[in-house]
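**Q** One structure, pasted below without further comment.
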Amino acid sequence: MVPRGIARMKKTQPLYFLILILAVVITSCSPAASEPTQVPPDTQAPPMVESPTSALADDWAAVQASGVLRVGTAADYPPFSFFDSTGQMDGFDIALIVELAKRLGVTPQISDFAFDGLLDAQALNQVDVSIAALSITLDRMNRVDFTNLYFSGVDGILARLDSPITKVDSPADMTGQRIAVQRGTVYEDWVIVNLVDAGIITANQLFSYDKTENAVRDLKESRVDLVLMDLLPAEKAAESGVKLVGEGLIPQQFAMAVRKGSTLTAQLNRVLAEALVDGTVNALIETYLKIKPTGAVTTPLPATPIPDYTTPVPPACVYGMAYVADLSYDDQNMTNPPLLQPGQSFTKSWRIRNTGTCNWDPAFFLRFVRGNVPAAQMNGQPVPVPAVITPGATVDMSVNLIAPSAPGTYQGFWQMSAPNGTFFGQTIWVGITVPGAQPTQASKPFIQNFAASPVNILTGECSQLAWIVTGSISRIDLQRNGSLLWGSVPFTGNYSDCLAVAGIYTYVLTAVGPGGSIWAQAQVQVSSGQPPPPIQPVIYQFYAEPSQVLIGGCTTLFWDSASGTSIQLFSGDVPIASNLPASGSQSNCPNRTGPLTYRLLVRNAAGVARASFQIFVDDSGVSPR
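In our numbering, the protein residues as written are 35 to 659.
So, in structure tokens, the structure goes:
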């Protein structure tokens, strides 16, 4: 796992931002292809995985010869790297690397990767340099070389608005609290060493998430008490329902990563120093990070000394994935998203390549990871790899989707995941536009949406009516079977109607304005027969990480399910948690050695879905991380 960190210092303190050298390249979203709809022939050989000391001495010469600098980032971390409202990559890291590439005289080609797989992509020679708010850590120094620093930052600590916690100045202020962090980051390492090992919290009070946004979600829902993350994203999160209660406990240093021994390091450091001295970097910081660096840096500052790295034990194999082509609904890098009608079903297909050294099998999934808005998932569900895909081979992956009902542009991002839950490879996406009908007259009301759901119910059940009306409006009324049900309803609203008598119910929504009136109709069928069978519960994934621990050590269980009314976790046959959310994570610390099977049961009236995952508890050696 590769840690991550980003933030800024307190506004009242000096900004210690040592910024020196590095350069990079930008490729747009659906990882770059000049003509995405043209499917390239499957002739590319799988890349070779290089050892930490095998970087070519002529890396810089190769970049000069091609005229392209291949840059890897993880564009899910505003304000450092993200996709803007037009679907294009932006952020401080992106602007910085574009500037450095310009000074190097090459074209930046930036590709979006899963953060957990970014350094693996570098090992697989998919990128020349990585820039993704990467903190310098010993583990990373064992795998890559770093340029000089380009930013120094700190942490932010979030609590609920109604939390009695008002200020966190030291680890002791977090005693007994449930702490949430992003899995694989410097924050997770810090909490383990400074809180768990120090006895300030128990291992079961540490909650690790794949994304910080999921940690903030559970904070709002009172499942955790505090979230530790980078200060800038924490300040952004504090604008929507949580509060910032601490900062500055975990200072970090950000630099760009290149392969061990790469000649790119010196070139990147050179142009980074130039951009620092002439004020370009300070200007980018003010633009993207909204802070003003204190004091002018006139000479490059040396980066923190880096100790000699220790050659790490090479993994059995390395996960890697590269985008090849859009096979349907090509959005042309979000410059021309295809138009789909509200509620229209469609299938998005991509061709991707296994660029790693591991086989893929049906235990590998393509999963939705984020979107420009929540509705960008478009009802998409995880899709398994259809067969064994060997390194270097391609596979076509398809996802069944439904266009959202509201007008707008939607961009949903998908990544590959391994059986252990690790995301890897390039990020791919689907982009569409749902058009909105326009009023025929500016002064006349327009019913943008009026619908009932469900439209077939049993006696005693309820149907939900929802509507959106725009334009110049004087009054809106809702009728049922010719009688007024609700007068002067809001322009956008909903109404739940519970019906005790079988029959057909006709609802009419009428809007009146200066330019005239308009109406829309919806019907609901109420039956007295037997209800349809309920939907069976389903478990999309269930696993534990790590899968091997020492006695007394802890593992974290992760799950994702749907349609359950009761969700329970078991250690063997012993229940350890109940009334769980549909998806989440929970730590458990086994107290016996040998194989241990965890079980997940998801129940509803239709039945039970079961899943299990086995770990091994050892009584000697060093617990893996």
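Note that the Cβ used here is the ideal one computed from N, Cα and C, for glycine as well.
How do the segment 600-613 and the segment 536-553 stand: do at least 3 beta-carbon pairs fall below 8 angstroms, yes or no?
**A** With a cut-off of 8 angstroms, the segment 536-553 and the segment 600-613 do not count as touching, because too few Cβ pairs lie within range.
**Q** Might you give, ordered along the chain, the residues of its own chain that have their beta carbon closer than 6 angstroms to the beta carbon of PHE576, omitting 5 neighbours on each side?
**A** As a working note, residue 576 is residue 542 in the sequence shown. Closer than 6 angstroms at Cβ, skipping near neighbours: TRP593, LEU634, ALA645, PHE647.
**Q** ASN248 lies in the alpha helix (DSSP H); which residues open and close that run?
**A** Residue 248 sits at position 214 when you count from the first residue of the sequence shown. Segment 246-254, the alpha helix (DSSP H) holding ASN248.
**Q** With 16 other CB atoms within 10 Å as the buried threshold, where does GLN378 fall?
**A** Counting from one through the sequence shown, the residue named residue 378 turns up at place 344. Its Cβ having fewer than 16 others within 10 Å, GLN378 is exposed.
**Q** Closest by CA to ASP395, which one among PRO420, THR236, ASP118, ARG404?
**A** Taking the first residue of the sequence shown as 1, we reach residue 395 at position 361. When each option's Cα is compared against that of ASP395, the closest is PRO420.
**Q** Rounded to whole angstroms, what is the Cα-Cα separation between ALA616 and ASN515?
**A** Here residue 616 is taken as the residue at index 582 of the sequence shown, counted from 1. Here residue 515 is taken as the residue at index 481 of the sequence shown, counted from 1. Rounded to whole angstroms, ALA616 to ASN515 spans 39 angstroms at the Cα level.
**Q** Once DSSP output is grouped into helix, strand and coil, what is the label at PRO624?
**A** Counting from one through the sequence shown, the residue named residue 624 turns up at place 590. Note: PRO624 maps to coil in three-state DSSP.
**Q** Which of the three DSSP states is assigned to VAL642 in this structure?
**A** Looking up residue 642 in the sequence shown gives position 608. Strand, per DSSP.
**Q** Between LEU518 and TYR529, how many whole angstroms is the CB-CB distance? I'm expecting something under 8 angstroms.
**A** Mapped onto the sequence shown, residue 518 falls at position 484. Mapped onto the sequence shown, residue 529 falls at position 495. No, LEU518 and TYR529 are not in contact; Cβ-Cβ is about 13 angstroms, not under 8 angstroms.
**Q** Thinking C-alpha only, which one of VAL489, PHE399, SER186, VAL422 is nearest THR456?
**A** Residue numbering aside, residue 456 sits at position 422 when the sequence shown is read from its first letter. THR456 has its Cα closest to that of PHE399, out of VAL489, PHE399, SER186, VAL422.
**Q** If you follow the beta strand (DSSP E) that SER296 is in, where does it begin and where does it stop?
**A** Mapped onto the sequence shown, residue 296 falls at position 262. Premise fails: SER296 is in no beta strand (DSSP E) and is neither H nor E.
**Q** How about VAL178 and PRO142: do their beta carbons lie closer than 7 angstroms?
**A** Taking the first residue of the sequence shown as position 1, residue 178 is located at position 144. Taking the first residue of the sequence shown as position 1, residue 142 is located at position 108. Cβ atoms of VAL178 and PRO142: not closer than 7 angstroms.
**Q** Taking just the CA atoms, how far does ALA193 sit from ARG257?
**A** Position 223 of the sequence shown, counting from 1, holds the residue named residue 257. Position 159 of the sequence shown, counting from 1, holds the residue named residue 193. ARG257 and ALA193: Cα-Cα distance of roughly 11 angstroms.
**Q** CA-CA distance, VAL636 and ARG293?
**A** Locating residue 636 in the sequence shown gives position 602, where the first residue counts as 1. Locating residue 293 in the sequence shown gives position 259, where the first residue counts as 1. Distance between the alpha carbons of VAL636 and ARG293: 45 angstroms.
**Q** So what's VAL535 in DSSP terms, helix, strand or just coil?
**A** In the sequence shown, counting from the first residue as 1, residue 535 sits at position 501. Note: VAL535 maps to coil in three-state DSSP.
**Q** Ignoring anything shorter than 4 residues, give me the alpha helix (DSSP H) runs that lie fully in the segment 452-504, in order along the chain.
**A** Whole alpha helix (DSSP H) segments, 4+ residues: zero.
**Q** Any chance you could list the beta strand (DSSP E) runs of at least 3 consecutive residues sitting entirely within the segment 372-459, in chain order?
**A** Taking only runs of at least 3 residues, the beta strand (DSSP E) segments lying wholly in the segment 372-459 are 379-388, 399-405, 428-436, 442-451.
**Q** Can you give the Cα-Cα distance for TRP94 and PHE147, rounded to whole angstroms?
**A** The sequence position of residue 94 within the sequence shown is 60, counting from 1. The sequence position of residue 147 within the sequence shown is 113, counting from 1. So the alpha carbons of these two residues sit roughly 23 angstroms apart.
**Q** Could you check how far apart the C-beta atoms of ILE502 and GLN482 are, in whole angstroms? I think they sit under 8 angstroms.
**A** Within the sequence shown, the letter at position 468 stands for residue 502. Within the sequence shown, the letter at position 448 stands for residue 482. Between GLN482 and ILE502 the Cβ distance is about 4 angstroms, and since that is below 8 angstroms, they are a contact.
**Q** Within the same chain, show all residues whose beta-carbon is closer than 7 angstroms to that of THR314, passing over the 5 residues directly before and after it, in chain order.
**A** Counting from 1 along the sequence shown, the entry for residue 314 is found at position 280. Taken in chain order, the residues that qualify are GLU133.
**Q** Give the secondary structure of ILE60 by DSSP, where H, G and I count as helix, E and B as strand, and everything else as coil.
**A** In the sequence shown, counting from the first residue as 1, residue 60 sits at position 26. Only weak support is given to the placement of ILE60: the predicted model assigns it a pLDDT of 34, under 50, and the question is left unresolved by the model.
**Q** Please state if the CB of LYS382 and the CB of TYR357 are separated by a distance shorter than 7 angstroms.
**A** For the purposes of this step, residue 357 is taken as residue 323 along the sequence shown, with counting starting at 1. For the purposes of this step, residue 382 is taken as residue 348 along the sequence shown, with counting starting at 1. Taking 7 angstroms as the Cβ cut-off, TYR357 and LYS382 do not qualify as a contacting pair.
**Q** From which residue to which residue does the alpha helix (DSSP H) around GLN575 run?
**A** Start at 1 with the first residue of the sequence shown, and residue 575 comes out as number 541. Not the alpha helix (DSSP H): GLN575 falls in the beta strand (DSSP E), residues 572-579.
**Q** On the CB-based measure, 16 or more other CB atoms within 10 Å of its CB, does GLU222 come out buried or exposed?
**A** If you number the sequence shown from 1, residue 222 lands on position 188. Label assigned to GLU222: buried.
**Q** Quick test of your reading: LEU1 and ALA291, contact by CB under 8 angstroms. State the CB separation rounded to the nearest angstrom.
**A** A query on residue 1 cannot be resolved here, the shown segment of the chain reaching from 35 to 659 and no further.
**Q** Do you know how far the Cα of LYS254 is from the Cα of GLU273?
**A** Residue numbering aside, residue 273 sits at position 239 when the sequence shown is read from its first letter. Residue numbering aside, residue 254 sits at position 220 when the sequence shown is read from its first letter. About 13 angstroms.
**Q** Along the beta strand (DSSP E) that carries ALA193, what are the first and last residues, could you check?
**A** In the sequence shown, the residue the question calls residue 193 occupies position 159. First-last of the beta strand (DSSP E) with ALA193: 189-194.
**Q** At what residue ranges does the segment 120-149 contain a whole run of the beta strand (DSSP E), taking only runs of 3 or more?
**A** Those beta strand (DSSP E) runs which fall completely within the segment 120-149 and span 3+ residues are 141-146.
**Q** Can you give the beta carbon distance from ASP150 to GLY218, rounded, assuming they're within the 8 angstroms contact cut?
**A** Sequence index remark: in the sequence shown, residue 150 carries index 116 (1-based). Sequence index remark: in the sequence shown, residue 218 carries index 184 (1-based). 6 angstroms between Cβ atoms; contact.
**Q** Can you give the beta carbon distance from SER497 to ASP531, rounded, assuming they're within the 8 angstroms contact cut?
**A** Reading the sequence shown from its first residue, position 463 is the one you call residue 497. Reading the sequence shown from its first residue, position 497 is the one you call residue 531. SER497 to ASP531, Cβ: 6 angstroms. Contact.
**Q** Does the beta-carbon distance from ALA249 to ALA289 come in below 7 angstroms?
**A** Here residue 249 is taken as the residue at index 215 of the sequence shown, counted from 1. Here residue 289 is taken as the residue at index 255 of the sequence shown, counted from 1. No, Cβ-Cβ distance for ALA249 and ALA289 is not below 7 angstroms.
**Q** Is GLY151 helix, strand or coil by DSSP?
**A** As a working note, residue 151 is residue 117 in the sequence shown. Helix at GLY151.
**Q** If we count Cβ pairs, one from each stretch, closer than 8 angstroms, do we get three or more for the segment 618-626 versus the segment 227-245?
**A** Segments in contact, yes.
**Q** Taking buried to mean at least 16 other C-beta atoms within 10 Å of its own C-beta, is ILE601 buried or exposed?
**A** By 1-based counting over the sequence shown, the position of residue 601 is 567. Buried is the call here.
**Q** Using the C-alpha atoms, what's the distance from GLY628 back to ALA166?
**A** Along the sequence shown, one-based indexing puts residue 166 at 132. Along the sequence shown, one-based indexing puts residue 628 at 594. Looking at the two C-alpha atoms, the distance is approximately 39 angstroms.
**Q** When we look at the beta-carbon of GLN460 and count the other beta-carbons within 10 Å, is it buried (16 or more) or exposed?
**A** For this step, residue 460 is matched to residue 426 along the sequence shown. That one is buried.
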